[in-house]
Amino acid sequence: MTIVLGADAAGIAEAAALLRRGALVAFGTETVYGLGADATDADAVARVFAAKGRPRFNPLICHYPDAGSAFRDVVPTDAAGRLAERFWPGPLTIVLRRSLHSAVALLTGAGLDTLAVRVPAGETSRTLLRAVGQPVAAPSANRSGAVSPTTARHVLSGLSGRIEAVLDSGPCPVGVESTVLDLTGELPVLLRPGGVPLEAIEAVAGQVARAGHAADSPRSPGLLPSHYAPGLPVRLDAVSVAANEALLAFGPPLAGAGLVFNLSADGDPTEAASRLFEGLRWLDEQGAARGLQRIAAMPVSERGLGLAVADRLRRAAGPR
Ligand code: AMP
Ligand code: MG
131 MTIVLGADAA GIAEAAALLR RGALVAFGTE TVYGLGADAT DADAVARVFA AKGRPRFNPL
191 ICHYPDAGSA FRDVVPTDAA GRLAERFWPG PLTIVLRRSL HSAVALLTGA GLDTLAVRVP
251 AGETSRTLLR AVGQPVAAPS ANRSGAVSPT TARHVLSGLS GRIEAVLDSG PCPVGVESTV
311 LDLTGELPVL LRPGGVPLEA IEAVAGQVAR AGHAADSPRS PGLLPSHYAP GLPVRLDAVS
371 VAANEALLAF GPPLAGAGLV FNLSADGDPT EAASRLFEGL RWLDEQGAAR GLQRIAAMPV
431 SERGLGLAVA DRLRRAAGPR
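First residue of the sequence shown: 131, per this note's numbering; consecutive thereafter.
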């Protein structure tokens with residue numbers, strides 16, 4: 131059952147309490163309805179991917195009530211500061227290096243060392259974000275492949291029964307998604323056109339490259355074959371483990387491994403998703419420290435989020 135909450139003080143307080151408990155709550159922003167989860171809670175974020183039926187772990191945008199809180203999770207640049215000053219709160223998302231101290235779950239950023247952050251406009255969403263007191267990861271609140279919802283009714287038509295609640299703040303005034311700008315390279319790169327026009331961004335940040343056009347620019351992560359590549363090579367579909375390998379297990383681990391990270395002892399693909407990036411990084415660090423040469427990954431069930439886990443493992447094992 132998905133409950134509909136009104137955008138009054140009681141409804142917002144209830145939505146915030148649900149989010150703090152790890153529940154999924156869709157809420158209206160000025161752009162489209164977002165499917166919110168506590169960005170620091172990997173289980174909740176895994177359930178976002180499951181509810182949307184996303185075939186892949188795209189990195190999610192983290193939402194904040196103000197620039198000060200957004201900039202605590204990333205390493206801001208001068209351009210980021212100027213853009214935030216001019217366009218926040220508003221429909222601009224900026225991608226920056228993730229701060230080392232950030233508590234945002236690795237799954238939220240799909241294992242990248244960058245993070246997309248935004249301060250949405252709209253009193254309801256900002257009051258909600260202030261009340262949650264944690265960054266809220268929120269992709270558009272639709273099933274994967276469907277159009278983005280701009281009313282609570284649209285949200286329910288796709289996600290009813292799959293999420294705990296929707297906070298109904300009425301129709302979204304902008305109606306298209308935020309502009310996504312990558313500020314991690316030499317030039318800003320437009321990853322997605324959206325609510326803030328390119329010309330307005332260029333007036334503040336100077337020349338902006340289009341994704342795919344700049345010679346040496348970071349591109350949208352979904353386009354990269356090796357999306358998150360650990361330092362140690364990954365061997366897929368392991369049915370045995372060698373002495374020089376660390377084991378990424380799913381279900382009962384293979385015998386003989388010295389260093390094991392189990393994605394899910396019970397073979398639960400949603401749990402595996404929530405632990406995947408953490409596991410790869412941990413095996414990478416610990417494995418390298420022990421002189422191991424490779425990560426052997428057991429096959430993961432392709433049920434539910436297992437498909438996305440398998441996709442990410444294939445990319446991690448892909449050509450460098
Ligand atoms: P949606 O989840 O539908 O709001 O879309 C989010 C958009 O932001 C996608 O196009 C993502 O690829 C992009 N995005 C989020 N985080 C990052 C990141 N760390 N680096 C590059 N793009 C990102
Ligand atoms: Mg979307």
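Using N, Cα and C, we set each Cβ at its ideal position, and we do this for glycine too.
In this text, all values refer to a predicted model and were calculated from it rather than measured experimentally.
Item                                                                                                                                                           : Value
With 16 other CB atoms within 10 Å as the buried threshold, where does H284 fall?                                                                              : buried
Please report how far the alpha carbon of L443 lies from the alpha carbon of G263, in whole angstroms.                                                         : 33 Å
To which residues of the same chain is A145 closer than 7 Å at the C-beta, ignoring the five residues directly before and after it?                            : L135, V155, F157, L258, A295, L297
Here's a check: name, in chain order, each residue in its chain whose Cβ is nearer than 6 Å to the Cβ of N374, leaving out the five neighbours to either side. : L422, Q423
Give a single yes or no on whether P189 has its beta carbon closer than 7 Å to a heavy atom of ligand 1.                                                       : yes
Look at the alpha carbon of L245 and the alpha carbon of G141, and state the distance between them as a whole number of angstroms.                             : 29 Å
What distance in whole Å lies between the Cβ atoms of H193 and G164, which are believed to be in contact at a cut-off of 8 Å?                                  : 7 Å
Count the CB pairs spanning the region 405 to 421 and the region 379 to 390 that are closer than 8 Å, and state whether there are at least three.              : yes
Quick one: what does DSSP say A167 is sitting in, helix, strand or coil?                                                                                       : strand
So, is A139 buried or exposed, given that buried needs 16 or more other C-beta atoms within 10 angstroms?                                                      : exposed
Measuring CA to CA, which of G305, G291, L378, L320 is closest to K182?                                                                                        : G291
Figure out for me which residue from G300, A197, A209 has the closest Cα to the Cα of P219.                                                                    : A197
Run the CB neighbour count on M131, radius 10 Å, all protein chains shown included, and call it buried at 16 or more, exposed below.                           : exposed
Do the region 299 to 315 and the region 272 to 288 meet, that is, are 3 or more Cβ pairs less than 8 Å apart?                                                  : yes
Can you find at least 3 beta carbon pairs, one from the region 160 to 180 and one from the region 226 to 238, that sit closer than 8 Å?                        : yes
Do D168 and ligand 1 come close, with the Cβ less than 7 Å from some heavy atom?                                                                               : no
Where do the N-terminal and C-terminal ends of the alpha helix (DSSP H) with H284 fall, by residue?                                                            : 282 to 289
Just grab the DSSP bridge partners of H193 for me.                                                                                                             : R248, V266
Taking DSSP as the reference, what is the three-state secondary structure of L328?                                                                             : helix
Are L226 and I331 touching if we call contact CB-CB under 8 Å?                                                                                                 : no
Measuring straight from C-alpha to C-alpha, what distance separates L286 and T207?                                                                             : 39 Å
Considering only residues of the same chain and omitting the five flanking positions on each side of E432, which have a CB-CB separation below 7 Å?            : A440
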